[in-house]
Amino acid sequence: MAAAIDLQSYQEPILFLATAGIVVPLFHRLRISPVLGFLAAGALLGPYGLGRLMPSYPWINWITFTNPEGTSRLAEFGVVFLLFTIGIELSWQRLRTLRRLVFGFGSLQVLLGAAILGLVFYAFRTVETITAATIVGLALALSSTAIVIPVLAERKRLNTAPGRASFSALLFQDLLVAPILFAIAVLDTSRPEVTPSSFAILVLQAVVALVLIIGLGRLILRPFFQLVSATKSPELFMAACLLVVLVTSLIAAVSGLSMALGAFIAGILLSETEYRRAIDVTIQPFKGLLLGVFFVSVGMSLDLFRFLEAPLLILSLAATVIAIKGISIVAIGRPYGLNTAEAAETALLLGPGGEFGLVILGAAMMAGLVPAGIGQHLLLVTTLTMVAIPLLARLGQRLGRKLEVRQPLDPLAAVAPPTDEVGRVIIAGYGRVGQLVAEMLERHKVPYLAIDLDPARVASERKAGKPVFYGDGTYPEFLRACGIDRALALVITLDTLSSIEGVVSAARQECTDITIVARARDARHATQLYELGVDDAVPETIEASLQLTEAVLSDIGVPMGLVIASIHERRDEFREILRRKNPKRDPDRVVFQARRRVGKAAPSAVTEQTTEVET
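Here it is in structure tokens:
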């Protein structure tokens, strides 16, 4: 007879998996970081949320997390795997390349922010001791790697100056976490009083552990993974990855260091091997799930009723933290090559708190170094600032764009676009896609004018003799200055949804009958652009699939004529499907508009271009 099943023991794993299954797709659809969803789920389903109702409604026990201690032990491995993957990404070569920003800008950002915040909290008697003020300042000076990096990647801002500065500062902060946690462990008030001799022993243990991990790692890790990979077994490779993470973490923990530091060092050692990418891919699912557990556990410790008791205090503290960090970042940005616009965007990205700040505050409260009351308030403050990161990132980009316009431009980039030429095509965005469009227009002898918001690119292309001009196509006045009322067409090749839609709206506001062809992210975005009034929207996903189909059909021997005909037919079908919400424009009117626009141009150009449009 089968043993009775204790459903209570399976409750929390099932509840967490159900939470992950709901939170990740929902927040992905809303374009919000799942981190915020896990925090909200933990707060709602934790002891300070629905758990408060358990005495009156015992059945709520089945939909709440009732074992915070057990969850926190599992959540610790989320931080371990996060630091391991950060170590994997941090090769010595990358660290050398970014060393000025990492150890210069990053260290100043943390030290200056922590010093000011610590002094403010100590001066207003929010905390009673210098030690508590220092820990609070350091915790609040850290920013969110888990949210900022995905936000930058989604907006394609990682390779910009604010992106590089933010990444470098976050990298230094990640390096700093392990020493801070070690210091908190040493100062733990639950231990016997720390004497000079005991402190020296702890430091000696830490040094021996580091030497052991680094020495054995250099000797063993590469041959070990060579042996494992020779079996060509994905399961064995996965087991080897987990073994390395766990063993290095436990060696560090036994020696008095944090488990996260041991995993981080193992990641750095493996970053220089040929197995770096394979290990990273293998670890990602575990890191994602365990980080979800970590953020749920953090959410469980949030008492939202504290916010209802003192909302003005919590909000003012959150605003103060962002303001102090932001001002300090702007102040130190210029020596490291950031202009006012770039420093402002970086400040709004790094101003909010981060997940490691939550870890440090939690550890400090457990060690008795920070009072539980103020610690709970600061957990709420940090979480609120993290929630604001996507909004602040959008605000920072817009603010940076406005400030950038006021920066002195290269004389070549400051040239105003000519307005007297007719029958040309305007290209909004002169990146890789825009340059290819311009090249094809040149081959067909169609005049064009390109606009772009990157002053360095504009100056470079103008030196090469290209008709590229600096300006923002989302402003109708600028499009008017480009002569949009006499242009043959407008091609939008920008890569951000808001910018594309902004240019379409501005163009339609200024000129209702111009032909607009726009780049679209996918079919859904293309439909939205048709509703805004574009004549043709080209979805990247559909075009990529059609090109793949064309390549495979021709490679397997289908006659090229049939392939091209079928691809064109399928493209037309897609176009008609996407246009259903926006009635197709009258082709005769399009030809008439084209003739009218080029009617003032040279006779040869009129004949050639009108013939192409009619065809």
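The sequence shown runs 1 to 615 under UniProt numbering. For glycine and all other residues, C-beta sits at the position ideal for the given N, C-alpha and C.
Quiz item: From F317 to Q226, what distance separates their C-alpha atoms?
Solution: Checking the sequence shown, residue 317 turns out to be Leu, not Phe. Each residue's Cα considered, the two are about 52 Å apart.
Quiz item: Can you give the beta carbon distance from A206 to F182, rounded, assuming they're within the 8 Å contact cut?
Solution: Correct: roughly 7 Å between the Cβ atoms.
Self-check item: Where the alpha helix (DSSP H) through L302 begins and ends
Solution: Note, L302: premise wrong, no alpha helix (DSSP H); not H, not E.
Quiz item: Quick check: the region 164-183 against the region 340-359, are there 3 or more CB pairs under 8 Å?
Solution: yes
Practice problem: Since I believe A139 is in contact with G357 (beta carbons under 8 Å), could you give me their beta-carbon distance rounded to a whole number of angstroms? | Solution: 4 Å
Quiz item: Could you give the C-beta distance for residue 616 and F84, rounded to a whole number, given that I count them as a contact under 8 Å?
Solution: This structure cannot settle anything about residue 616, because the visible part of the chain is limited to 1 through 615.
Quiz item: Would you call L449 buried or exposed, if buried means 16 or more other Cβ atoms sit within 10 Å of its Cβ?
Solution: buried
Quiz item: Given that a residue counts as buried once 16 or more other Cβ atoms are within 10 Å of its Cβ, and exposed if not, what is L302?
Solution: It is buried - the Cβ of L302 has at least 16 other Cβ atoms within 10 Å.
Quiz prompt | Where Q609 falls: helix, strand or coil (DSSP) | solution = Note that Q609 scores 36 on pLDDT, short of 50, meaning its location in the model is unreliable; the coordinates nonetheless yield the value given after this. Here Q609 sits in helix by DSSP.
Quiz item: Do you know how far the Cα of A372 is from the Cα of A253?
Solution: 25 Å
Quiz item: Under 7 Å between the Cβ atoms of T541 and A506?
Solution: no
Exercise. Provide the residue span of the alpha helix (DSSP H) that contains V534, from first to last.
Key: Premise fails: V534 is in no alpha helix (DSSP H) and is neither H nor E.
Quiz item: Where DSSP assigns a beta bridge to D452, which residues make up the other side?
Solution: Under the DSSP definition of a beta bridge, D452 partners with Y470.
Exercise. Write down every uninterrupted run of the alpha helix (DSSP H) in the region 226-300 whose length is 4 residues or greater and which is fully enclosed by it, in chain order.
Key: 234-254, 259-271 and 276-300
Practice problem: Using the DSSP secondary-structure output, state which residues sit across from A428 in a beta bridge. | Solution: For A428, which the question treats as bridged, DSSP gives the partners I451 and I492.
Quiz item: Which residue spans inside the region 307-370 form an unbroken beta strand (DSSP E) run of at least 3?
Solution: none
Practice problem: Give a yes or no on whether 7 Å exceeds the smallest Cβ distance from S33 to chain D. | Solution: Of the chains in the structure shown, none is chain D; there is only one protein chain.
Exercise. Inspect the beta-carbon positions of T248 and I213 and report whether they are closer than 7 Å.
Key: yes
Quiz prompt | Exposed unless 16 or more other CB atoms sit within 10 angstroms - verdict on R157 | solution = buried
Quiz item: DSSP beta-bridge partners for P539?
Solution: A520
Exercise. Could you tell me whether the region 332-347 touches the region 149-156, using the rule of 3 or more Cβ pairs below 8 Å?
Key: no
Quiz prompt | Reference L286; option with closest CA among F469, L242 and L308 | solution = Correcting the residue type first, residue 286 is Phe in the shown sequence and not Leu. Out of F469, L242 and L308, L242 has the C-alpha closest to the C-alpha of F286.
Quiz prompt | CA-to-CA distance, I251 to R276, given in whole angstroms | solution = 22 Å
Self-check item: Backbone secondary structure at A594 - three-state DSSP
Solution: Because A594 carries a pLDDT of 42, less than 50, the predicted location of this residue cannot be relied on, and no value is offered for it.
Quiz item: Beta-carbon separation of A132 and V370 under 7 Å?
Solution: yes
Quiz item: What is the DSSP secondary structure of T160, reduced to helix, strand or coil?
Solution: coil
Quiz item: Who pairs with T515 in a beta bridge, going by DSSP?
Solution: A489
Quiz item: What separation, rounded to the nearest whole angstrom, lies between the Cα atoms of L578 and Q109?
Solution: C-alpha separation (whole angstroms): 48 Å.
Quiz item: Who are the near neighbours of R571 in its chain, counting only those whose CB is closer than 7 Å to its CB and skipping five residues on each side?
Solution: L546
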